[in-house]
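Undergrad: Residues 25 to 160 in the numbering used here are what the sequence shown spells out, letter by letter.
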Amino acid sequence: MSKKILLCDDDLPILRAAEFKIKRAGHDVRVATDGEEAWERIEESIPDILVTDCQMPRLGGLGLVERVRSHEATRRIPVLMLTAKGFELDEEDLARRLEIRELIAKPFSPRKLLETIERILEEGSDERSRLVESSV
25 MSKKILLCDD DLPILRAAEF KIKRAGHDVR VATDGEEAWE RIEESIPDIL
75 VTDCQMPRLG GLGLVERVRS HEATRRIPVL MLTAKGFELD EEDLARRLEI
125 RELIAKPFSP RKLLETIERI LEEGSDERSR LVESSV
């Protein structure tokens with residue numbers, strides 16, 4: 025089933041390679057090159073998952089995720105964060121504070137990114153199924 029995926033990265037070769045791979049898998053992909061542009065895309069149509077780079081111009085990935093988490097309509101969007109190799113982030117703090125589902129260090133293969141996205145989306149639908157079953 026096709027999902028809406030928002031990819032946000034200022035590194036155009038990475039953005040285009042990821043977009044190509046994910047579209048080939050049948051998903052609806054929107055792209056942005058910074059956090060402000062990504063927020064505009066989110067306001068147009070809420071994605072099923074947000075994949076964002078950490079360091080970008082105008083509004084970085086952490087600022088974008090903070091904005092996403094501060095709005096009721098968007099706060100439950102799963103987030104996958106991309107980081108530059110050697111860029112240190114406290115994964116436990118991010119997971120707890122901003123509910124970032126996973127970090128992937130660059131460089132990465134588009135196949136690995138797609139597999140991670142699909143796993144997170146599947147986990148999310150399993151979680152929703154469990155919630156529905158437990159409320160019945």
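Glycine included, each C-beta is placed from N, C-alpha and C at the ideal position.
Kindly indicate which three-state DSSP category Leu74 falls into: helix, strand or coil?
TA: strand
Undergrad: Rounded to whole angstroms, how far is the Cβ of Ala97 from the Cβ of Ile70, which I believe are closer than 8 Å?
TA: 7 Å
Undergrad: Going by DSSP, what residues sit across from Thr107 in a beta bridge?
TA: Ala129
Undergrad: Looking at Leu88: is its Cβ nearer than 7 Å to the Cβ of Ala62?
TA: yes
Undergrad: Kindly give me the distance between the Cβ atoms of Ala56 and Arg65, rounded to whole angstroms, as I take these residues to be in contact under 8 Å.
TA: 5 Å
Undergrad: Cutting at 8 Å between CB atoms, please list the residues of its own chain near Glu139, excluding the five before and the five after it.
TA: none
Undergrad: What would DSSP say about Lys28, mapped onto helix, strand or coil?
TA: strand
Undergrad: Going by DSSP, name the residue or residues bridged to Val55.
TA: Leu31
Undergrad: Sorted by chain position, which residues of the same chain lie with C-beta nearer than 7 Å to Glu43's C-beta, five sequence neighbours on each side aside?
TA: Leu31, Val53, Val55
Undergrad: Relative to the C-alpha of Leu104, which residue among Ser94, Arg91, Gly85, His95 is closest?
TA: Gly85
Undergrad: Is the beta carbon of Pro161 less than 7 Å from the beta carbon of Lys45?
TA: Nothing in the structure corresponds to residue 161, since the chain is present only between 25 and 160.
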